[in-house]
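This report refers to the structure that appears directly beneath it.
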Amino acid sequence: EQAARTKGLEVSQAVYGPMLNRWVIPLRLMVRSAAGQPKFLIAVPVELNNFLERWRRSVAAAEYAMPGMSIALMRADGYLLARWPAPRTDDLPRFYSTKRQGALARAAQRAPDGAMSGVFSGRVDADDIPRLGAWVRLPQYKVLVNMTVPRALLWRDFWRAYWPALTILALWLAVLTLAYRMVRRQAERDSTQLRDRAEIMYRLANQDSLTGLLNRRGMNEHLQRAHDLAREHGIGYALVLFDLDYFKLINDGFGHAAGDAVLQQVAHLLQTRVRKEDHVARWGGEEFLVLLPDSSLETARAAAEKLRDIISHTRMSVGGTELRLSASFGVSAWEPESHLTIAELLGQCDSALYNAKAGGRNRVMQFEGKSAQDYLQGFTLKRAIEDDRIRVAYQPLVSLADGQITGFEALARLVAENGDVIAAGQFIDVANRLRLEHRIDSRVSKQVMSHCSQRMEQTGMPMKYMINCSADFLSRPEDVQRLLDRAQHFCSACAVDMTGKAKPMVIEITERQLIGDAEAVRKLVQPLIDFGFELAVDDFGSGYSSYLYVLKLPVNYIKIEAELVREAAHSARAQAMVRSINSMAHELGILTIAEGIEDEATADAMRRIGVDWGQGYYWGRPEIER
3 EQAARTKGLE VSQAVYGPML NRWVIPLRLM VRSAAGQPKF LIAVPVELNN
53 FLERWRRSVA AAEYAMPGMS IALMRADGYL LARWPAPRTD DLPRFYSTKR
103 QGALARAAQR APDGAMSGVF SGRVDADDIP RLGAWVRLPQ YKVLVNMTVP
153 RALLWRDFWR AYWPALTILA LWLAVLTLAY RMVRRQAERD STQLRDRAEI
203 MYRLANQDSL TGLLNRRGMN EHLQRAHDLA REHGIGYALV LFDLDYFKLI
253 NDGFGHAAGD AVLQQVAHLL QTRVRKEDHV ARWGGEEFLV LLPDSSLETA
303 RAAAEKLRDI ISHTRMSVGG TELRLSASFG VSAWEPESHL TIAELLGQCD
353 SALYNAKAGG RNRVMQFEGK SAQDYLQGFT LKRAIEDDRI RVAYQPLVSL
403 ADGQITGFEA LARLVAENGD VIAAGQFIDV ANRLRLEHRI DSRVSKQVMS
453 HCSQRMEQTG MPMKYMINCS ADFLSRPEDV QRLLDRAQHF CSACAVDMTG
503 KAKPMVIEIT ERQLIGDAEA VRKLVQPLID FGFELAVDDF GSGYSSYLYV
553 LKLPVNYIKI EAELVREAAH SARAQAMVRS INSMAHELGI LTIAEGIEDE
603 ATADAMRRIG VDWGQGYYWG RPEIER
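Following this line, the structure appears as structure tokens:
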């Protein structure tokens, strides 16, 4: 019945077998059917003497054997199965049938669930001797095997060897102390190396490798700390942002190595001329930013004037040539009552710096006059340019005669950090005030040329691409030359031979940009025209006297202003004006384009007048190619 209730092998209590006339340990295993029902029982008696004799021989042959050693086998429930030497009792049946309460049994009961081994110390039932022992669990049989030695024997041997052991212990303590000191010294060296490496990593992350100054990331940390401290204690701090004037000429004329040498010399000047509590960073390219804690706008302006004077009067040695530099400065200050963010303060500095450049360079300007939204937009715009988040949206140009797409106008778009796409109308005025238009035009033209080249490779048919070029861009010879170099590269790699033909690129300039000397405007665009670019006048008819300019400039396209086009859909007077512009343009060999067409009625009105091409939402909104 016990075997039937037990899963697996059952090890029963030791019993005296009358048939065998000796002590045995019964082993029983119930064999079950597939359904789990008992079928038959296998019972095997294992003679106790087998254990005792094997243990005796093992102890006799063991090098570690000690007098008084004992080995025992006990069930997990506390019943002793076998012991060598045999228990000191005259009543073995009672001894084996009684659950043991000695040191081993208590140690096994106190062991945590799942413990497979342990040690114990105490008096054992078998011989009533205090012993020290260890046990191991055999979970498959639900038994424990243990080995013990008399505790008194251990103490005796210990005291016999007391003095030698003490000597050895002292030696070991000395060795351990020495080892500890060696390990500690090594740990200190490792800690120093780790600290040095951490400092190196920090410098790599926060220091400009060329100048040794803080980089943008490092300065941002100091800015945040200064800003938090200023807000907490109600004190001010100031920023000085400056840019080396005409630095590109040094790079182009003497090489980038010379430009790097100049930046290093300027960095050295800054480090030796600012206060100990000030922080200096290379903010980007040839721009530097100085943070002045606990300072006012007047302090910052005085510091900027001092630095400007030092830079302008210091001769920089470049490849054996001495150069004189100048720098343009923008300053701004945070005051407790202003509640400005760091981004807004940097935007103020940017705005002041661009005003200094626009005012003739080599001067210090402080922020004044614009709204917080204005300079924050300027800061956001500049960051978008630096992060290459200016994208191009393409709006089709359509032939009014047959409805075929003849080209595209390329329009700048700003992709915000959250992914929103912002139209040019929302940032172009800020770009104009901060003199950022040339940087936007440069990025747009590069993307347009790549798009044009890819499309010609795919279709083999050239399309016209109209790009809005600002006066800010056209008045910079280096930007115009870079545009020509880029155009030469794409044209040489183009699948369609454009040799001797007008190039697909059309430069758009507005009537407002043409105010002034027409001959001066011609000089600005002439290098592009000589290369094969065509010229379009945008927003024609919006109110400025542009007929004279069209007469004097090699204009290929006139884009009729959108409001006038929409009026012409239902106004005879507006139609007469459009007809006059169209007739004049055709007599001069100029192709006309009607802007802002949003419906069939307007498109039909332009078609009847004889306008060549149309553009507007009627055919499609400007879209960024994904």
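Count the sequence shown with the numbering used here and you get residues 3 to 628, in order.
Cβ atoms here follow ideal geometry from the backbone N, Cα and C, with glycine treated the same way.
Annotated as distal: residue 124 and residue 110, with beta-carbon spacing of 9 Å or more. Contact check between the region 19 to 38 and the region 58 to 65: fewer than three CB pairs, one atom from each, fall below 8 Å, which does not count as touching.
Residues 356, 359, 360 and 474 of the same chain have their beta carbon placed closer than 8 Å to that of residue 437, with the five preceding and five following residues left out of the count.
When the five nearest sequence neighbours on each side are left out, the beta carbons in the same chain lying within less than 7 Å of the beta carbon of residue 77 are those of 13, 83, 144 and 145, in order along the chain.
According to the DSSP assignment, residue 319 belongs to the beta strand (DSSP E) that extends over 317 to 320. Taking C-alpha positions only, residue 87 is separated from residue 177 by approximately 42 Å. Following the DSSP letters along the chain, one finds residue 244 inside the beta strand (DSSP E) bounded by residues 239 to 246. When the five nearest sequence neighbours on each side are left out, the beta carbons in the same chain lying within less than 8 Å of the beta carbon of residue 10 are those of 31 and 142, in order along the chain.
When the five nearest sequence neighbours on each side are left out, the beta carbons in the same chain lying within less than 7 Å of the beta carbon of residue 440 are those of 472, 474, 475, 478 and 481, in order along the chain. Between the C-alpha atoms of residue 179 and residue 137 there is a straight-line separation of about 34 Å. By the Cβ test, the region 453 to 463 is not in contact with the region 564 to 583, since fewer than three Cβ pairs between them sit closer than 8 Å.
With respect to residue 74, residue 85 sits close: the two C-beta atoms are nearer than 9 Å. Counting only unbroken stretches of 4 or more residues, the alpha helix (DSSP H) elements lying wholly within the region 410 to 469 are 430 to 435 and 439 to 461, in sequence order. Residue 411 counts as buried, since at least 16 other C-beta atoms from the protein chains shown sit within 10 angstroms of its C-beta. Residue 95 counts as exposed, since fewer than 16 other C-beta atoms from the protein chains shown sit within 10 angstroms of its C-beta. Put simply, the region 248 to 255 does not touch the region 302 to 317. Fewer than three CB pairs are less than 8 Å apart. With a contact defined as Cβ atoms closer than 8 Å, residue 272 and residue 282 qualify at about 5 Å.
With a threshold of 16 other beta carbon atoms within 10 Å, residue 511 meets it and is buried. If only complete runs of 4 or more residues are kept, the region 19 to 73 shows the alpha helix (DSSP H) at 50 to 63, in order along the chain. Looking at the DSSP output, residue 626 shares a beta bridge with 395. When C-alpha distances from residue 239 are compared across 265, 348, 148 and 205, the shortest belongs to 348.
In chain order, 557 and 560 place their CB closer than 6 Å to the CB of residue 592, counting only its own chain and leaving out the 5 sequence neighbours on each side.
About 5 Å separates the CB atoms of residue 328 and residue 314; that is less than 8 Å, so the two are in contact.
Annotation: the continuous alpha helix (DSSP H) that includes residue 606 extends over 602 to 611. Residue 265 is classed as buried because its beta carbon has at least 16 other beta carbons within 10 Å across all chains shown. Under the 10 Å beta carbon count, residue 616 is surrounded by 16 or more other beta carbons and is classified as buried. The three-state secondary structure of residue 281, taken from DSSP, is strand.
Residue pairing of residue 122 in beta bridges, as defined by DSSP: 135.
Between residue 215 and residue 262 a beta carbon distance of about 13 Å is seen, past the 8 Å cut, so the two are scored as non-contacting. Linking residue 175 to residue 169 through their CA atoms gives a straight-line distance of about 10 Å. Rounded to the nearest angstrom, the Cβ distance from residue 424 to residue 418 is 6 Å, consistent with a contact under 8 Å. A distance below 7 Å between beta-carbons, with the five flanking residues on each side excluded, links residue 402 to the following residues of its chain, in chain order: 605, 608, 609, 613, 614, 615 and 616. In its chain, beyond the 5 residues on either side, 151, 152 and 155 have a beta carbon closer than 7 Å to the beta carbon of residue 70.
Residues 232, 233, 236, 237 and 238 of the same chain have their beta carbon placed closer than 8 Å to that of residue 338, with the five preceding and five following residues left out of the count. At a Cβ-Cβ threshold of 9 Å, residue 299 and residue 276 do not count as neighbours.
Exposed is the label assigned to residue 226, since fewer than 16 other Cβ atoms lie within 10 Å of its Cβ.
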